[in-house]
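Quick notes on the structure that follows.
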Amino acid sequence: MTNETHTRPRHDNADRYDPRAIEPKWEARWEADGLYHTPDDDPRPKWYALTMLPYTSGDLHVGHWFAMAPSDAHARHKRMQGYNVLFPMGFDAFGLPAENAAIKNHTHPAEWTQKNIERMRGQMKSMGTMFDWTREIATNSPEFYKWTQWWFLQLLKHGLAYKKNASVWWCPTDQTVLANEQVVDGRCERCDSVVMKRDLDQWFFRITNYAEELLDFSNVEWPEQIILMQRNWIGRSEGAELRFGLDVAGVAEEEVRVFTTRPDTVYGVTFFVLAPEHPLVEQITTPEQREAVRGYVDAARKQSEIERVSTEREKTGVFTGAYVTNMFNGEHVPVWTADYVLATYGTGAVMGVPAHDQRDFEFAKKYGLPVVPVFAHPDWDGAELEHAFGHGGTMINSGGFDGTPDADAIPAVVAYAEEQGFGRGTVNYRLRDWGISRQRMWGAPIPIIYCETHGAVPVPEHDLPVLLPEDAEFRPTGESPLTYHEAFLHTTCPIDGGPAKRETDTMDTFMCSSWYQMRYIDPHNDERPFSRELAKQWLPVDQYSGGAEHAVMHLLYTRFFTKAARDMGVVDIDEPMTRLFSQGQILGPDGQRMSKSRGNVIAPDGEVEKWGADTFRAYLMFLGPWDAGGPYDASGISGIYRWLNRVWNVVTGATTVGPRGDAAATRELRRWTHKTIEKVTSDIESFRFNTMLAALMEYTNHLTKLRESGAEIDADAWREATEAITLLLAPTVPHIAEELWSRLGMPYSVHTQSWPAFDPALAIEDAVEIGVQVNGKLRDRLTLPLDAPEDAAREQAMASAAVTQHVEGKELVRVIYVPNRLLNFVVR
RNA sequence: GCCGAAGUGGCGGAAUGGCAGACGCGACGGUCUCAAAAACCGUUGGGCCGCAAGGCUCAUGUGGGUUCGACUCCCACCUUCGGCACCA
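The following block contains the structure:
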């Protein structure tokens, strides 16, 4: 370095920031070099970063970019921190929309899906993401769904899959099964017919076996609200299962069981309710009541559960004509059926205690059923009840339990019930077993063969995959289209070789997404779903991210799969994903969820073409907190582009530098550099991309002012600044960072560099401005040395007229001093 | 309805018990230009006082409360968003 002051030559400054030139250039270079290929044999510590794979719905829209760009930035940052980062991508390709598109366009869903995959992959590459495309998966490929079928067989082998009868929505006009989404106000969305329920034999997974363990989140660092939602979804309740005697002649059952969280109120039972779907309803209904009950049950089955359990709606029900006996007091109480009782919760029955349950109270009032208080609640004056009383008080009208205080009541009654054989204490969960059968064609076939002799026989593993035919037709018959594909349907029994038929239902697409993260680690393995060694090396996912709409179902199913896999000896982990970030949802400009049917899907292609991928990535990260989302509005994007131009000018432009920069100014510049490194590092680690970018903008603005002041800047400090800003930008805007790095004369690639180190000594401030308040109102500001003592602050504050005019002549009660923040005089 | 979250300038947002409005958009004014666009520079929450410097005051969905001090904590309510088990 010479001692002469010089201006950096302008040879590289003739051209302006041109994303259209530099973005394709670097993407081609990265791809040619395999820069983003993640080796398995890298000695650095591993970091498995994953973002939820997109459904192959068509084009990549703004929401996809909103999910992927920030997670890419985070993964890139981890790479610069020295991790061997695995950041794969794939396609969730089975499901209803592909089938709908196929019906509409008279094509096969595979065709539509493949076209979408090609397009989306290209769009993702143009985003400048560091996805390792050598590990791409598509859940509709036989190489993948072979192993989805394998999972089904393992779950079956370990007693976690079973068949039972369950109902689905059914359109009598279209003769087809409907998804919940296709039922709008009780009608078929396509033909507007009133829908009904149909009962079918379907496959279920015993996720409830894991209910208790799924409530344990001690091995994950997940957001509290997601944990809370999962807890509530699982819905653990302690209580008792009580037996009631069935007083109906000609019915095989002698009793009916009920789950209650309030066994201590059992002496207050004045009626009994069965869910309309409860199998006993049909059996116990007396001939006089039959017509009314049947009509009621049919009507109930046309309603959604959301409508049925609404506490706002007036309760309805019908008397069955039958009675049960309360074993505790020998009383006979009438059995009703009512739609506010769900067959899927508890035992599908409720013991009606109107005095102590508000829903039961409303029901009893409406139908003139007696209300018998069995707790003397402290707020109760002994008059007729006007509403139900919850916990509190002591037991009354309860035989030998009278006088028992509320706190002891439940254990006492449960102990008595167990002693007498009336029931037992138990735990109930709201969580239900997971139904995975779909009467659809575009999914992984369930690998089961039905033989007249041997029943449901699993397809032998060596016969997997059960291939989905490529020429199935779509006929509105209500059964899987596979039923009508003769070559698929007819097969032989794996046990005796006799004629047999295949299961024609396919699997819920949530099965694919329950284990896909395990496949990325060994995506081309055709012997096993993945190798044990690679699983040990890569699992679990260190950082997962995806839409908050998956808080419960997908994220619970994949936890269940992982725990089941552990118990089957397939993996050694308890949880699939250690850390989770739930990003918000980008809505259409109308504030609604983006969907093709609403016509509010924003494709980013035009913006990307105009401003470049870097600008668009940074804009989405700048919009607001990543977990917030909200309606999309492109109006601010020019600000990001202008900022990147300023960065370009600062880094590549002619700047007066020299060896004798002013010492104070040099100190100030280095303070800015290290403060920014600190802020950007902590923000990117905690996914606060919007404030990270704000800090980078402030830093850029400072550098721009400094440079345009024309004063000589210390050459080393300036060099440090331009390199730092380029490195700090690399995760967010990978193309321009690579170009700037190259123009700084640094070795390729910026993305393999180390993250800049933060030096706290250089970042520290000499002086701070604090606020001075009187009685909490701001009256003045003071500039003080860092960590100034209270005495000094008070002395300086009392020299200010703005402060003293509010203090003088009053009694000083208290002084609150928060160093480097504020000083507050409390006067009277 | 139930579960979870959010409400701050004209707009996106910042600040999570300590100086409300960082950063950006937009708007307004200016530089450059024949002109416009682009680019760049400056101003910008409302009201009041002041020629000005500046000062006063109101303001974080609504209503209460806790605190020296509340966007932040507590209670009630309103509105919006996500999920509610076959959309994914």
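Heads up, my numbering is the position in the first sequence plus 451, with the first residue counted as 1. Just so it is clear, CB atoms sit at the ideal spot from N, CA and C, and this is done for glycine as well.
Please determine, among the options, the residue with the shortest C-alpha to C-alpha distance to residue i.
i: Gln871; options: Phe814, Ser1086 and Leu693; result: Leu693
i: Asn535; options: Ala1250, Asp543 and Tyr487; result: Tyr487
i: Tyr901; options: Met962, Gly797 and Glu954; result: Glu954
i: Asn976; options: Asp492, Phe595 and Ser1205; result: Phe595
i: Ser592; options: Gly799, Leu919, Ser508 and Pro805; result: Leu919
i: His1202; options: Glu478, Asp469 and Pro470; result: Glu478
i: Trp516; options: Asn1275, Val707 and Met575; result: Met575
i: Ser508; options: Thr1029, Ala552 and Gln740; result: Ala552
i: Lys1014; options: Gln605, Phe542 and Gly1196; result: Gln605
i: Asp1210; options: Arg1118, Thr767, Ile847 and Asp749; result: Arg1118
i: Ala789; options: Asn777, Thr771 and Pro805; result: Thr771
Can you give me the C-alpha to C-alpha distance between residue i and residue j, rounded to a whole angstrom?
i: Gly843; j: Phe655; result: 41 Å
i: Ala1054; j: Leu1147; result: 28 Å
i: Glu733; j: Phe695; result: 18 Å
i: Asp830; j: Pro824; result: 13 Å
i: Asp993; j: Ala1085; result: 33 Å
i: Leu793; j: Tyr718; result: 23 Å
i: Trp1284; j: Val1003; result: What the structure shows of the chain is the stretch from 452 to 1279, and residue 1284 is not part of that stretch, so it cannot be assessed.
i: Pro460; j: Val1108; result: Per-residue confidence for Pro460 stands at a pLDDT of 27, beneath the threshold of 50, marking its modelled position as unreliable; no derived number is given.
i: Leu629; j: Glu704; result: 35 Å
i: Glu1058; j: Glu1000; result: 27 Å
i: Ala839; j: Ala815; result: 11 Å
i: Ala483; j: Gln1204; result: 19 Å
i: Asp1041; j: Phe722; result: 49 Å
i: Leu511; j: Pro475; result: 19 Å
i: His457; j: Val1225; result: Only weak support is given to the placement of His457: the predicted model assigns it a pLDDT of 28, under 50, and the question is left unresolved by the model.
i: Glu455; j: Ala1116; result: Its pLDDT being 27, under 50, Glu455 is placed unreliably in this model, and the value from its coordinates should be taken loosely. About 19 Å.
i: Val724; j: Leu731; result: 11 Å
i: Arg1279; j: Glu1220; result: 27 Å
In terms of residues, what are the limits of the alpha helix (DSSP H) holding residue i?
i: Val760; result: Glu756 to Val760
i: Arg749; result: According to the sequence shown, residue 749 is Asp rather than Arg. Taken as a continuous stretch (DSSP letters only), the alpha helix (DSSP H) holding Asp749 covers Arg741 to Ala751.
i: Cys963; result: Cys963 to Arg970
i: His525; result: Val513 to Met531
i: His941; result: Premise fails: His941 lies in the beta strand (DSSP E), His941 to Thr943, not in any alpha helix (DSSP H).
Within 10 Å of its beta-carbon, does residue i have 16 or more other beta-carbons around it, so buried, or fewer, so exposed?
i: Val1022; result: buried
i: Arg1295; result: Past the boundaries of the shown model lies residue 1295; the chain is included only from 452 to 1279, so the question cannot be answered.
i: Ala938; result: exposed
i: Ile588; result: buried
i: Arg1121; result: buried
i: Thr795; result: exposed
i: Lys1126; result: buried
i: Thr599; result: buried
i: Gln1043; result: exposed
i: Cys642; result: exposed
i: Pro821; result: exposed
i: Glu835; result: exposed
i: Pro911; result: exposed
i: Ile887; result: buried
i: Pro738; result: exposed
i: Val513; result: buried
i: His729; result: buried
i: Gln809; result: exposed
i: Asp947; result: exposed
Ends of the beta strand (DSSP E) at residue i?
i: Asn777; result: Gly768 to Asn777
i: Asn616; result: Ala612 to Cys622
i: Ala789; result: His783 to Ala789
i: Trp654; result: Met647 to Phe656
i: Val1108; result: Thr1107 to Gly1109
i: Trp498; result: Lys497 to Thr502
Practice item. Report yes or no: do three or more beta-carbon pairs, one from the segment 1220-1235 and one from the segment 1134-1141, lie closer than 8 Å? Key: When Cβ pairs closer than 8 Å are counted between the two stretches, the segment 1220-1235 is seen not to touch the segment 1134-1141, the count staying below three.
**Study point:** At least 3 beta-carbon pairs within less than 8 Å: the segment 1071-1085 vs the segment 1028-1043
**Key:** The segment 1071-1085 makes contact with the segment 1028-1043; the number of CB pairs closer than 8 Å reaches 3 or more.
Point to revise | Three-pair Cβ contact test at 8 Å for the segment 616-629 versus the segment 663-675 | key: With the cut-off at 8 Å, the segment 616-629 and the segment 663-675 do not touch.
Exercise for review: Decide if the segment 484-503 is in contact with the segment 980-1000; the criterion is three or more beta carbon pairs, one per stretch, under 8 Å apart.
Suggested key: Cβ pair count under 8 Å is three or more, so yes.
**Study point:** Cβ contact (3+ pairs, closer than 8 Å) linking the segment 1099-1119 and the segment 1150-1169
**Key:** With the cut-off at 8 Å, the segment 1099-1119 and the segment 1150-1169 touch.
Check your understanding: Are three or more beta carbon pairs between the segment 1117-1134 and the segment 1171-1184 nearer than 8 Å?
Key -> Contact holds between the segment 1117-1134 and the segment 1171-1184, because three or more Cβ pairs, one in each stretch, are under 8 Å apart.
Check your understanding: Are the segment 556-573 and the segment 1022-1031 touching, with three or more C-beta to C-beta distances below 8 Å?
Key -> With a cut-off of 8 Å, the segment 1022-1031 and the segment 556-573 do not count as touching, because too few Cβ pairs lie within range.
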